[in-house]
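Please read the structure below before turning to the comments.
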């Protein structure tokens with residue numbers, strides 16, 4: 001069964017953290033994996049981040065990724081001080097699980113489907129390398145944020 005966003009396969013679990021360098025080392029030790037590189041989310045010229053319906057040129061974060069299974073990733077996100085879904089989560093809830101992500105095709109259609117089901121788009125943008133896009137949707141009934149990821153054809 002495909003569900004509201006066209007898939008029921010979780011692709012990523014995202015955590016908001018205060019100190020990505022410390023947290024990624026702890027995750028690496030726990031998982032028995034190499035410590036991943038930390039990378040910036042990207043330049044606004046590429047990412048075109050929109051938060052709460054408004055351009056957010058200063059919203060940014062540091063990211064680290066662990067590939068923990070076929071098609072499953074743990075993402076660590078350290079937000080900067082600018083308004084974003086990441087900063088809002090950290091300010092309101094502290095560190096912790098921020099989102100469950102699903103890899104989709106035709107994210108515009110899947111966002112529309114999610115909105116019709118009562119979810120609300122809170123932030124979207126392009127990957128820092130321009131290879132795809134992300135859409136964060138607030139899902140109060142699910143007690144988390146749902147992220148829809150779409151990789152562009154190469």
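Residue numbers (UniProt numbering): 1 to 154. Glycine included, C-beta positions come from ideal geometry on N, C-alpha and C.
According to DSSP, residue i sits in a beta bridge with which residue or residues?
i          : result
residue 88 : Answer is none; residue 88 lacks a bridge partner.
Classify residue i: buried if its beta carbon has 16 or more other beta carbons within 10 angstroms, exposed otherwise.
i           : result
residue 87  : buried
residue 107 : buried
residue 79  : buried
residue 26  : exposed
residue 9   : exposed
residue 134 : buried
residue 30  : exposed
residue 61  : buried
Does the distance from the C-beta atom of residue i to that of residue j stay below 8 angstroms?
i           : j           : result
residue 150 : residue 136 : no
residue 32  : residue 99  : no
Would you identify the three-state DSSP class for residue i, choosing helix, strand or coil?
i           : result
residue 109 : helix
residue 63  : strand
residue 31  : helix
residue 76  : strand
Using a Cβ-based criterion (distance less than 7 angstroms to any ligand heavy atom), does residue i qualify as near the ligand NAP?
i          : result
residue 32 : Questions concerning the ligand NAP fall outside what the structure shown contains, since it holds no ligand whatsoever.
Grab the span of the alpha helix (DSSP H) containing residue i for me, first residue to last.
i          : result
residue 56 : First-last for residue 56: undefined, no H or E at that position.
Please tell me whether residue i has its Cβ less than 8 angstroms away from any Cβ of chain C.
i          : result
residue 17 : Chain labels in this structure do not include chain C; a single protein chain is all it has.
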